[in-house]
Amino acid sequence: MVFEQEIELLSIIILLELSIMYLILSKFYDRLKLNEQRLSDLMLLQVFREILAFVSDQDIVEQGLVGSLMNMKDRDLLDYLRSKIWDIRSDLNTISDRIAKFYDVERSLNKIRSYFFQIRWMLVITIIAIPLSLILPKELSLVTLGLAFSLELVSLYYNFISIFLYIRLSKHYSDALKSLESL
1 MVFEQEIELL SIIILLELSI MYLILSKFYD RLKLNEQRLS DLMLLQVFRE
51 ILAFVSDQDI VEQGLVGSLM NMKDRDLLDY LRSKIWDIRS DLNTISDRIA
101 KFYDVERSLN KIRSYFFQIR WMLVITIIAI PLSLILPKEL SLVTLGLAFS
151 LELVSLYYNF ISIFLYIRLS KHYSDALKSL ESL
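Mind the numbering: the sequence shown is residues 1 to 183 in my numbering, read in order.
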């Protein structure tokens with residue numbers, strides 16, 4: 001009986017921590033909902049800004065057109081392209097990184113949204129399970145406490161992941177703002 005009371009006390013303490021973390025996460029989630037579209041738009045603008053910079057900086061298309069108009073030999077054009085390949089590669093890597101960041105932001109937004117709703121349901125189930133464990137027979141009480149305890153631990157894990165994802169999204173957001181302000 002003492003063991004069961006200690007587990008109930010531990011579960012209630014974790015439930016309090018979980019509730020506090022959920023409130024913190026809900027503040028983050030509310031801010032994120034307000035800025036979600038803006039963040040996605042900023043990341044998309046960054047991608048297209050890099051693409052436009054790449055297209056405007058590269059004179060390969062222009063050289064190819066001029067070369068064909070001036071009857072430039074294919075060998076000369078290939079030598080010119082060979083000299084430009086490393087510059088093109090680094091620019092394409094930058095574009096690829098921006099696209100990867102854009103999709104990373106989209107995935108992170110979806111994960112936070114999913115975790116937020118999963119945590120809410122786990123919290124509700126835990127709030128129901130703890131008092132239920134007090135009125136059930138001993139064997140069922142221990143099973144109910146085990147279920148509540150495991151849901152609390154998973155919820156805490158999801159809370160931490162969501163907060164870290166939010167911090168990473170904030171960093172992406174500030175980087176995107178700095179990048180666009182430098183224009």
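Idealized CB from N, CA, C, for every residue including glycine. Source: prediction; values computed, not measured.
Enumerate in chain order the residues of its own chain whose CB-to-CB distance from residue 155 is below 7 Å, with the five nearest sequence positions on each side excluded.
Position 155 of the sequence shown holds residue 155. If we look at residue 155 and ignore the five residues flanking it on each side, its Cβ neighbours are 18, 119, 122 and 123.
Using only CA atoms, which one of 146, 98, 101 and 43 lies nearest to residue 12?
If you number the sequence shown from 1, residue 12 lands on position 12. From the listed residues 146, 98, 101 and 43, the smallest Cα separation to residue 12 is found for 146.
If you draw a straight line from the C-alpha of residue 170 to the C-alpha of residue 93, how long is it?
Your numbering for residue 170 matches position 170 in the sequence shown. Your numbering for residue 93 matches position 93 in the sequence shown. One C-alpha to the other measures close to 23 Å.
Measuring only the C-alpha atoms, how far is residue 129 from residue 112?
Mapped onto the sequence shown, residue 129 falls at position 129. Mapped onto the sequence shown, residue 112 falls at position 112. In this structure, the alpha-carbon of residue 129 lies about 25 Å from that of residue 112.
Whose CA, out of 8, 126 and 47, lies closest to the CA of residue 97?
Walking along the sequence shown from the start, residue 97 turns up at place 97. Selected option, being the one with the closest Cα: 47.
Please classify residue 148: is it buried, with 16 or more other beta-carbons within 10 angstroms of its beta-carbon, or exposed?
For the purposes of this step, residue 148 is taken as the residue at position 148 of the sequence shown. Counting Cβ neighbours within 10 Å, residue 148 comes out buried, since at least 16 surround it.
Skipping 5 residues on each side, what residues in its chain have a beta carbon closer than 7 Å to that of residue 126?
Sequence index remark: in the sequence shown, residue 126 carries index 126 (1-based). Within the same chain, and ignoring the five residues on either side of residue 126 in sequence, the residues whose Cβ sits closer than 7 Å to its Cβ are 15, 148, 151 and 152.
Per DSSP, what kind of secondary structure is residue 131 in: helix, strand or coil?
Locating residue 131 in the sequence shown gives position 131, where the first residue counts as 1. Helix.
With a 10 Å radius around its C-beta and 16 neighbouring C-beta atoms as the bar for buried, classify residue 134 as buried or exposed.
Position 134 of the sequence shown, counting from 1, holds the residue named residue 134. With fewer than 16 other Cβ atoms inside 10 Å of its own Cβ, residue 134 counts as exposed.
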